[in-house]
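Q:
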Amino acid sequence: WPTPNSPCPGVFSLAYIVPNTATASAIGGLWSSPTSWASGFVPNALSSVVIPAGSTITIDQNNLSFVDLTISGTAQWISSTVTGAAHSVNINGNMLINPGGIYHGTGVGGASTTINLFGNFTNNGYANLSVTSVIFKRC
């Protein structure tokens with residue numbers, strides 16, 4: 184270990200993720216943009232994601248993982264940069280689409296989506312699952 188008079192032997196960075204709720208901003212935007220989220224932080228693996236009424240989030244990343252997804256606004260996938268490339272997401276808890284909520288499981292251009300769901304799927308709104316695979320991973 185360094186002493187007060189010795190140079191630091193290296194630089195260390197430690198990131199600690201805690202359970203959190205990631206709520207989309209009123210206008211929404213791209214999933215990957217911090218400005219799309221009320222907290223200013225993009226959801227992470229321990230986030231419970233909430234898309235409120237009036238907000239539209241365009242998912243522009245692949246292989247996402249988070250705890251829960253609650254949709255009262257709109258969640259949609261962006262078109263893939265690779266023709267026919269599929270999208271995927273791991274939801275380690277529940278997916279809830281509230282009345283008035285919209286989930287477009289098809290990317291622009293017809294790219295398919297796979298949802299690996301470890302909890303419950305409740306649809307009280309609109310879910311376009313025409314080229315979406317929902318794989319229930321519950322034990």
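Read left to right, the sequence shown gives residues 184 to 322 (my numbering). Beta carbons are placed, not taken as given, at the ideal position from N, Cα and C, and that holds for glycine.
(1) Among the residues of its own chain, which have a CB less than 6 Å from the CB of D251, if the five just before and after it don't count?
(2) Quick one: what's got a C-beta closer than 6 Å to P282's C-beta in the same chain, skipping five residues either side?
(3) Using the C-alpha atoms, what's the distance from T289 back to W220?
(4) Taking 8 Å as the limit between beta carbons, can you name the residues of its chain near G302, skipping five residues before and five after?
(5) Label P226 either buried or exposed according to how many other C-beta atoms from any shown protein chain fall within 10 Å of its C-beta, with 16 as the threshold for buried.
(6) Look up V232 in the DSSP assignment and give the residues it is bridged to.
(7) Reducing DSSP to helix, strand and coil, say where S313 ends up.
(8) Using the DSSP secondary-structure output, state which residues sit across from G283 in a beta bridge.
(9) Use the C-beta contact count for S237: other C-beta atoms within 10 angstroms, 16 or more gives buried, fewer gives exposed.
(10) From this set, A269, I285, D243, which residue's C-alpha is nearest V233's C-alpha?
A: Quick look at the numbers:
(1) Reading the sequence shown from its first residue, position 68 is the one you call residue 251. S231, G276, N277, listed in sequence order.
(2) Against the sequence shown, residue 282 aligns to sequence position 99. Around P282, the same chain offers N307, G308 as residues with beta carbons nearer than 6 Å, after the five sequence neighbours per side are excluded.
(3) Along the sequence shown, read from residue 1 onward, the residue named residue 220 stands at position 37. Along the sequence shown, read from residue 1 onward, the residue named residue 289 stands at position 106. Going by the C-alpha atoms only, they are around 23 Å apart.
(4) As a first step, residue 302 is located in the sequence shown; it is residue number 119 there, counting from the start. The residues are D251, I274, N275, G276, N277, M278, R321.
(5) Here residue 226 refers to the residue found at position 43 when the sequence shown is read from its first residue. Counting Cβ neighbours within 10 Å, P226 comes out buried, since at least 16 surround it.
(6) One-based indexing of the sequence shown puts residue 232 at position 49. According to DSSP, which records beta bridges pairwise, V232 is partnered with A205, L252.
(7) Translated into positions along the sequence shown, residue 313 becomes position 130. It is coil, neither helix nor strand.
(8) Within the sequence shown, numbered from 1, the residue matching residue 283 stands at position 100. Answer by DSSP bridge pairing: none, since G283 is not bridged.
(9) Translated into positions along the sequence shown, residue 237 becomes position 54. Here residue 237 is Gly; the residue named in the question, Ser, does not match the sequence. Exposed: under 16 other Cβ atoms inside 10 Å.
(10) Position 50 of the sequence shown, counted from the first residue, corresponds to residue 233. The shortest Cα separation from V233 among A269, I285, D243 belongs to I285.
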